[in-house]
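Colleague: Once you've had a glance at the structure underneath, I'll fire off some questions.
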Amino acid sequence: MMESPRWNHPAGVDSMLHRRLLPVLSLVTAAWCSSVSPLTAADQKLETALGFTPFQENVLIDKPTPAEVEKCRLNPVNETNITGWSVVNEAGQRLRRFVDTNGDKKLDQWRYYRNGVEVYRDIDSDFDGKPDQYRWLGPAGTRWGLDVNEDSRIETWKQISAEEVTAEVVAAIRDRDKLRFQAVLLAADEIQDEIGIGPKRAEQMLTRARHALEDFDDVAKRQTRVTASTRWIHFGGSRPSVIPAGTDGSTKDLMIYDNVSAIVSDEGEDSQIAIGTLIRVGETWKVLELPATLADAQASSGYFFQASMELRPDLTENGSDGGRKDLRKWIDRLDELDEQLSNARPGDTGLLNDRRGDVIEELINETEGADRKVWTRQFADTVSAAVQSGTYPEGTARLAEFYRKLVRDPDAKSELAYVKYQLISAQYAVSLQGNDVDYVKVQEAHHKNLEAFVDDFPTSPDTADAMLQLGLTKEFAGKKNEALKWYRRIASDFPQAAQAAKATGAASRLECVGKTIPIRGQTLDGRDFDLAEQKGKVVVVHCWASWCDLCKQDFDALKKAQIKYANKQLSIVGINLDQQAATGQASKTSLRLSWPQV
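Each residue of the sequence shown is one higher than the one before, starting from 1 at the first, in my numbering.
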C-alpha cells in the first residue's frame, strides 16, 4: 500500500483513509473486488486525492467544482522508476500528480497544477513520510524552501529571487513572523564563508544582520506602515550591481541590489517600503537588515553605494510613491482573471489569457523605467507559460506581435532579447504539440532559431542559456565536436554566468577519456578528500543532490555494485550538489550511504 504522511485532510475524510491514499498498481482490481460498485470506489479515491492541499498557504491551484469532479479521472502513473497517480480533468489537463520516486511504495512528492502547469510541489526528500521541501514552479515563481525539522515551517531557502525576497519581508513583518524573516536574512556563516567579503565589511555586516534579528519583534510590533491588510504588489528596483573581487579585501565578485523597495497596497492606498540592500548567495537573495522606512522614513537604504532614498528619482521624501500612477485597478483585474483562469473550462482559457495580456499591456503603457521593464517581462513570461501549458496556443502570434512592437520602440531595446527568447520557447512548445510531429524537423527549426538568437543578441544573458541548450542537444545527438564548440564559447563569452560552470564541466566530461580527473575537497563530514589517492582502483563518481530524484534512484544499483565487487578494487565517490552541506549530510544519513560524499 502506498502511504502519504498526515496531511491537511478535507472535511469528512477519516485521517487514516487520507493517509492511505491509493495502492500503486491495484486501483482497478481493488475497485472491482470491493463490496461497493467500481465507480463508487474510484470516486471515493478521486475525491480523497482532490482533497489534498499544499502544505504551504496561499498557493493558487485548480479546484474543480463538484460537477467538474464527476468528469475528472484518476490515472495510474507507471514511468521509469516513478509510480503513483495523476488526476486529470475532462479535457485531460492535469490537476494533481502524487508519486513515489524511490520505489518504497510510499508517496514522496505531491504536485499541484494550475491551468495545466505545475505550480507547486511538496517533497519528502528523505523518504520518512514527512515533507521537508516546498517548491513553487512555473508562473508561481522560483521559491524552493527547506524544512529541516519537518514542522511545516521553512527555515531556509534553497532558491528564491530578489523579487520574492521583498514579498517575504513584507509578509514576515505583517504576520510578525521572526522565523520567516530570518529565512531571508543574511546568515553569519554566509557572511564569513560564502560571499567572500573583506574582513572590515564582514564585521559591519555581521553587526547589521545580528541587530536586525534582535530588533525584529520590537520593530514589527511598533511599526504602523505594514498592517494585517497590507499585501505585496511588486518589486521596486533598478538593475543589479557587481562589486568586483578585490574591493575592500573581498575574494569574490559580489552581486547586489542596492536601494530596493517593495510596492504594497493597504485598503486602496499604495505605498513603498524601503527594503534596502539585497545580496546574492548562490541561488538565493538575502536582506542585510530590517526595512529602513519602518523606523525612519528618511533613512538611507543603500549599504554599498550609500545612495539615500531621497536621491532616488522615483521616490518622495517620505519614502512613499511620489509620481507613481495608481496601478491598483489593473492589479485587481489581474487577480480577478487569475481566479477565473484557475476555474475556467478548457474552451475559455484562450479568451481569458487574451484579456490578461490586454491588462498587462495597459500596465506597460502606464508605467516607465524599471516598472515598465518588469511588466514587459511579465507579459512575455505569462504568455509563453500559457502557450507551453497548452492552454493558449494562439499566444505565439500575440507574443510575436508584441516583439515586433518592441523592435519599433527605442525605449525597449534592453528587453528585446528576453522577449525574443520567450517567443522561441513558446514556438518550440507549440511545434511539439499534436499527434503527427516530425521531431527531426522540429528540432532542426528550433536549433536554427537558437543560433539566430545567439547571432542577434551576442551579449544578452539569455544567450548563455541558448548556447547551453545548443551544446546539450548536440551532445545528445552524438555530435561531440559541435557540442564542445558551444560549451567553450559559453566559458569564453560568459565567464561569470551560471551556465559557464556547467559548460566547463560538460566540456571536461566530453574530453576526460584517458585523462586524470582532479577531484579534491572536503567530505560532508569534514574530512579531506583527494581522488588521486584512489589511483589503481576502478572508481565510480556519482553526482547527486537531495532534490534530484533521478540521481537518488542510482543508489540501490551502487550499493549492489559495492557488495558485488568488494574484492575487486571498486571505489565509489559521491559528489553532493546541495547548497547546504547539512542538507546533504542529512540525506546521506537517511539513505545510509557508506562511501565518501564530497
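Backbone N, C-alpha and C fix where the C-beta goes; we use that ideal spot for every residue, glycine too.
Helix or strand or just coil, what does DSSP make of residue 221?
Modeller: helix
Colleague: Using the Cα positions of residue 340 and residue 542, report the straight-line distance between them to the nearest angstrom.
Modeller: For residue 340 and residue 542, the distance between alpha carbons rounds to 46 Å.
Colleague: Using beta-carbon positions only, say whether residue 285 and residue 152 come within less than 8 Å of one another.
Modeller: no
Colleague: Which residues in the same chain as residue 503 place their Cβ atom closer than 7 Å to its Cβ, once the five residues preceding and following it in sequence are excluded?
Modeller: 468, 471, 487, 490, 491
Colleague: Look at the Cβ atom of residue 80, then the Cβ atom of residue 99, and state whether they are nearer than 8 Å.
Modeller: no
Colleague: Suppose the cutoff is 6 Å on Cβ atoms and the five residues either side in sequence are ignored; what does the same chain contact list for residue 427 look like?
Modeller: 396
Colleague: On the DSSP letters alone, give me the boundaries of the beta strand (DSSP E) that residue 263 sits inside.
Modeller: 254-266
Colleague: Tell me where the alpha helix (DSSP H) around residue 599 begins and ends.
Modeller: This structure cannot settle anything about residue 599, because the visible part of the chain is limited to 1 through 598.
Colleague: In three-state DSSP terms, what is residue 60?
Modeller: coil
Colleague: Please go through the same chain and pick out, in chain order, the residues whose beta-carbon is closer than 8 Å to the beta-carbon of residue 581, but skip the five residues on each side of it.
Modeller: Result list for residue 581: 524, in chain order.
Colleague: When you compare only the Cα positions, how much space is there between residue 114 and residue 245?
Modeller: 43 Å
Colleague: Express the C-alpha separation of residue 126 and residue 181 in angstroms, rounding to a whole number.
Modeller: 26 Å
Colleague: For residue 135 and residue 567, what's the separation of their Cα atoms in angstroms?
Modeller: 43 Å
Colleague: Three or more beta-carbon pairs under 8 Å between the region 162-175 and the region 216-228, yes or no?
Modeller: Contact holds: three or more Cβ-Cβ distances are below 8 Å.
Colleague: One question on the structure: do residue 227 and residue 266 come within less than 8 Å of each other, judged by their Cβ atoms?
Modeller: yes
Colleague: According to DSSP, simplified to helix, strand and coil, what is residue 458?
Modeller: Correct three-state label for residue 458: coil.
Colleague: For residue 331 and residue 139, what's the separation of their Cα atoms in angstroms?
Modeller: Each residue's alpha carbon lies about 16 Å from the other.
Colleague: Where DSSP assigns a beta bridge to residue 446, which residues make up the other side?
Modeller: According to DSSP, residue 446 bridges with nothing at all.
Colleague: Is any beta-carbon of chain D found at less than 8 Å from that of residue 328?
Modeller: In the displayed structure, chain D is absent; only one protein chain is listed.
Colleague: Can you grab the Cα-Cα spacing for the pair residue 480 / residue 499, in whole Å?
Modeller: 18 Å
Colleague: Could you check what DSSP says for residue 99 in three-state terms: helix, strand or coil?
Modeller: strand
Colleague: Tell me whether residue 674 sits in a helix, a strand or coil according to DSSP, three-state version.
Modeller: Because the chain here runs from 1 to 598, residue 674 falls outside it and cannot be looked at.
Colleague: By the three-class DSSP mapping on this structure, what secondary structure does residue 240 have?
Modeller: coil
Colleague: Using the C-alpha atoms, what's the distance from residue 102 back to residue 408?
Modeller: CA-to-CA, the gap between residue 408 and residue 102 works out to about 52 Å.
Colleague: For the alpha helix (DSSP H) holding residue 670, just list the boundary residues, first then last.
Modeller: The chain is shown only over 1 to 598; residue 670 falls outside these bounds and no answer can be derived.
Colleague: Whose CA, out of 342, 193, 596, 232, lies closest to the CA of residue 89?
Modeller: 342
Colleague: For residue 495, which of helix, strand or coil comes out of DSSP?
Modeller: coil
Colleague: Please say whether residue 442 and residue 432 have beta carbons closer to each other than 8 Å?
Modeller: yes
Colleague: Nearest-angstrom Cα distance between residue 477 and residue 406?
Modeller: If you draw a straight line from the Cα of residue 477 to the Cα of residue 406, it comes to about 35 Å.
Colleague: As a quick exercise: from 85, 73, 78, pick the residue whose alpha carbon is nearest that of residue 91.
Modeller: 73
Colleague: In terms of residues, what are the limits of the beta strand (DSSP E) holding residue 166?
Modeller: Segment 162-175 is the alpha helix (DSSP H) holding residue 166; no beta strand (DSSP E) there.
Colleague: Would you mind giving the Cβ-Cβ distance between residue 196 and residue 252, rounded to the nearest angstrom? I have them listed as a contact below 8 Å.
Modeller: 3 Å
Colleague: Quick test of your reading: residue 61 and residue 119, contact by CB under 8 Å. State the CB separation rounded to the nearest angstrom.
Modeller: 6 Å
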